[in-house]
Structures are given as structure tokens and as C-alpha cells.
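One structure below.
Numbering (mature numbering (1 follows the signal peptide of the UniProt record, and there is no 0)), first residue to last: -22 to -1, 1 to 455.
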């Protein structure tokens, strides 16, 4: 699954300003509610740090702790009321049992173990639920009896191994020209190499939980996620990890406690002034906090939230930056916990289309699964869409899906926990990949004192942390 902290910023009337433009018009005067002028703030409302981190999810939290350990001062700006991003848990009020409804497991790698050890969060081998799920067409409620599909990725991995730069932790550093196969829609890639038999196993792998239409997504992004490490580790006993406590969020609780006032929760960036391209100097960020606006002065910015143009608007992108970020597209992804479903306890339901025309891969907006939790009657779900949807639409579709599966009205359905993770994944379309999108994106690392990490660059937690570690090195090289 994709792992990231989502920030939706207050939108200003931004422009694709020239390189010399560093801040919004009028933002240097104290009459502006988003002034970047330090003289407009009391000393108590000015925060000066070595690095301002935008987003307190997996990569942002890792960066904050790593920078702190290097003796650097940091401030983390997080829109939500706690750190963690995709790592989400709910505590059942009756039993006290923690239930994870975001990230369920982590790769058993050196960087993963070091991160959790640093945050005093013991881990244990992840144990997959016993038995196989019940496969059903969620559009109709029809159970697919005796449904089987190939999980033999041997031939796929022979193709994957042709591209060693797709392994996690490296970001995207592609040859020029980009190999033709990587710029194909994944469905065309599967057809070309006679791999359609693993289409369903590919789509249903948890690492692709927010991919949208897997057949239309560029092969580059699917393969960058569906790596050899994922296919040999994910869901296998002892090869992946979960928290000993059962609550995967514990590490982020510990990080938040350690960072203390250096984390600004329920906070958004509303204006920024950064050095023009080729210039040096500090950056200034105006942030809206629950106690009023504050001004951050930072030598460097690490942007770990979703790099959508809306999220970046307060940073006043110049033409070079806009030419890259404006090309990105993104999917929708949602997760949560429900009870009152009408489903039998201890039965897991996995979505599978009746039709073999799509290799049984469901298309369009859909619930991926309903999994029973450790508390009877409570089910977790994931939901994906090719483009973001509003929450009411998602919840309505979830209710309609449950009515079909349970063959009864969802009158008692209750959403105990719900998270909108949009954007799900960000990706450049095929034509942009071929025209050197990633070379242009990589050239922005450090440009205008701003560095980037997050789900745009890596799909797994361990990959995110390895990539982020390298960006931290680059900051102070």
C-alpha cells in the first residue's frame, strides 16, 4: 500500500510566476493575513529551523528523527491532528483492542528495523490471516465458487530483473531513452509478455491498493511497486513485520512525543517565500495553526506530502517547477472500519469480477475487500478509484456493496473509522515519461532550497526511508 501523509493546503491565488517571483503579491506587508515579513510577527510567533518538513507521515517522521539525530533543528507541519499518514489505528472502546486500518505490515529490512528500534517500538513477524478469503463480485454480490488464479510470478520477475533501477530506495533514475516496455500501459505489458495470468494477483497485491485501473497505469509505476522484494516478502510469515502491541501507530506516537513542540499539528502552509532559482538564502513559510498564524524561517524545506499542484500552490511554483508538477495525475484511496455490515463474522471478502474479459480484475471505483478484524463484527476496508471522489460518494458505494454481499439493507451500517488518503498515488502519464519527466523532476531536488520525498518517489515504507535518508545527505553535502 501506498504510504504518505496527506496535506490539503489553503489555496491562494497562485500563479506560475517567473523565476524571480518568490512570494505572493502583497505578502510582504503587514496588512496581509499571510505576510512573510518577519516584522509583522512577535518573536514568539517566529520559528527558525534548519529544516521545515511538510508532512508528518512515514517519510516526514523518518526525516524529522534522522535530522534531529544529526543535530539539526526541525519543524514538522502536519495537517492532521497526529503524525502517521497512512499508518492508522482505532482502539475499540469495549475491548481496548487496537485495529489497524491503514498500513498493516512493513518489510523486514535493515532500515525498517533501525527505524522502529530508534523509536522504541518492538516489532514481530507478521502472521497472515489463516485460510483463503471468499471471492465475490462486489458489483452484484455473486460469490465466485472455486475461483483460482495464478500466483506464479516467475516469468514476470524475469522481465522485472531487466531493470535493476526499479528496485526500491533509489527513486526514479531512468535511462534515456526510457525503455519502451516501461512506458506501456501495464495491461499492454502483460499481453506483450504473455503474463495476463498474473493480472489478478498483481492487482490484488496489497502494495497496489491505491493503483486505480491497473491495466491503464504505466508499467513503470506498477513494476516499481510490484518489486521482487514485495513478491517474495509481502504477506509471508516472518518476512514482514507488525507491531508487537498490535498497534502499528505506536512508533509515530513515540516520534510525536519526542519531537514535542517541533510538530505543528492541525496546521497548513498558506504562503511562502523561497529564494529564486540559482539564489541562496532562507525560506519563509506562513502557517495557519489552531492558535493563529506563525512564520517559519528555514534554511531548507523537505516536502514529503503529496506533490499535487494544489498542495504546492502556497509555495508559488516558478515556471520550471510548474512544468513538472502540473503533469502529475493521481488516484483516489480510502480506508476505514465498519460494523453493522450484515456479513458473517470471521469471513474475509475479496473483490473479483465475474467476467474473465478483465482477467477477473474489477474496474472503476470499488471496494477492494472487507476483512474481519480482531473484534467480532468489525471489518476493515480499502476503496480505490481512478480519480478522487468525495467522501459521501465513497461511503454510499460501500453501503451499496455491503447490501449486495449481505443480501439485506445496510440499515445498521456504522463507520467507526474512515480516512480519505487522496491523492492515492501520483504519476506522470505515458507521454511525459517518454519525454524525460523523471530527469526534470530529479533536477528539482534542492532547487530553491526545496527537497522532495514521499509516495511520488517510493511505494514502500522501507523504500521511502532509504530514499529520504539520501535526500537528507544531499541537503548538507
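For each residue, glycine too, the CB sits at the ideal point set by N, CA and C. No experiment lies behind these values; they were computed from the predicted model shown.
Residue 139 counts as exposed, since fewer than 16 other C-beta atoms from the protein chains shown sit within 10 angstroms of its C-beta. The distance from the Cβ of residue 410 to that of residue 305 is about 5 Å, consistent with a contact at the 8 Å cut-off.
Every beta strand (DSSP E) of 3 residues or more that sits fully in the region 60 to 130 is shown, in chain order, as 67 to 69, 76 to 78, 101 to 103 and 112 to 115. The DSSP assignment places 177 to 182, 197 to 203, 206 to 211 and 228 to 237 as complete runs of the alpha helix (DSSP H) inside the region 174 to 239, in order along the chain (cut-off: 4 residues). Residues of the same chain with a CB within less than 7 Å of the CB of residue 394, apart from the 5 flanking positions on each side, are 68, 315, 316, 317 and 356 in chain order. Within the region 282 to 352, the beta strand (DSSP E) runs of at least 3 residues that lie entirely inside it are, in chain order, 310 to 317, 327 to 329 and 344 to 350. Secondary structure of residue 26 (DSSP, three-state): strand. Contact between residue 311 and residue 285 fails: their C-beta atoms lie close to 16 Å from each other, not under 8 Å. Nearest Cα to residue 257 within the set 248, 448, 426 and 57: 426. Residue pairing by DSSP places residue 251 opposite 262 in a beta bridge. The three-state reading of DSSP puts residue 420 in helix, counting H, G and I together. Within a 10 Å sphere around the beta-carbon of residue 143 sit fewer than 16 other beta-carbons, which makes this residue exposed. For residue 134, the enclosing alpha helix (DSSP H) has its first and last residue at 132 to 138. Closest option to residue 359, judged by alpha-carbon separation, among 353, 198, 79 and 166: 79.
Counting only residues of its own chain and dropping the five nearest sequence neighbours on each side, residue 341 has a CB closer than 7 Å to the CB of 191. Residue 358: not part of any alpha helix (DSSP H); member of the beta strand (DSSP E) spanning 357 to 363, first to last residue.
Residue 398 places its beta carbon 8 Å or farther from that of residue 244. Setting aside the 5 residues that flank it on each side, residue 188 is surrounded in the same chain by -21, 309, 311, 362, 402 and 403, each with a C-beta closer than 6 Å to its C-beta; the list follows chain order.
Non-local C-beta neighbours of residue 325 in its own chain, meaning closer than 7 Å and more than five positions away in sequence, comprise 112 and 350, ordered along the chain. With contacts defined as CB atoms closer than 8 Å, residue 174 and residue 381 fail to qualify as a contacting pair. Straight-line measurement puts the Cα of residue 86 at about 8 Å from the Cα of residue 440. Around the beta-carbon of residue 121, fewer than 16 other beta-carbon atoms lie within 10 Å, marking it exposed. Around the beta-carbon of residue 333, fewer than 16 other beta-carbon atoms lie within 10 Å, marking it exposed. Under the DSSP definition of a beta bridge, residue 31 partners with 54 and 280. In the displayed model, residue 430 falls within a strand according to three-state DSSP. In the assembly as shown, residue 451 is an exposed residue. Its beta-carbon has fewer than 16 other beta-carbons within 10 Å.
Residue environment analysis places residue 390 among the exposed positions, since fewer than 16 neighbouring C-beta atoms fall within 10 angstroms of its C-beta.
Separation of residue 217 and residue 105 (C-alpha to C-alpha, rounded to the nearest whole angstrom) is 9 Å.
Judged by DSSP in its simplified three-state form, residue 383 adopts helix. When the alpha-carbon of residue 149 is set against those of 455, 438 and 454, the nearest one is in 438. Per DSSP, residue 396 is one residue of the beta strand (DSSP E) stretching across 392 to 398. Judged by DSSP in its simplified three-state form, residue 269 adopts coil rather than helix or strand. With respect to the 8 Å criterion, residue 428 and residue 449 are not classified as neighbours on the basis of their beta carbons. Just measuring C-alpha positions, the residue of 205, 267, 195 and 194 sitting nearest residue 134 is 205. In this structure, the beta-carbon distance from residue 196 to residue 163 falls below 8 Å. In the displayed model, residue 40 falls within a helix according to three-state DSSP.
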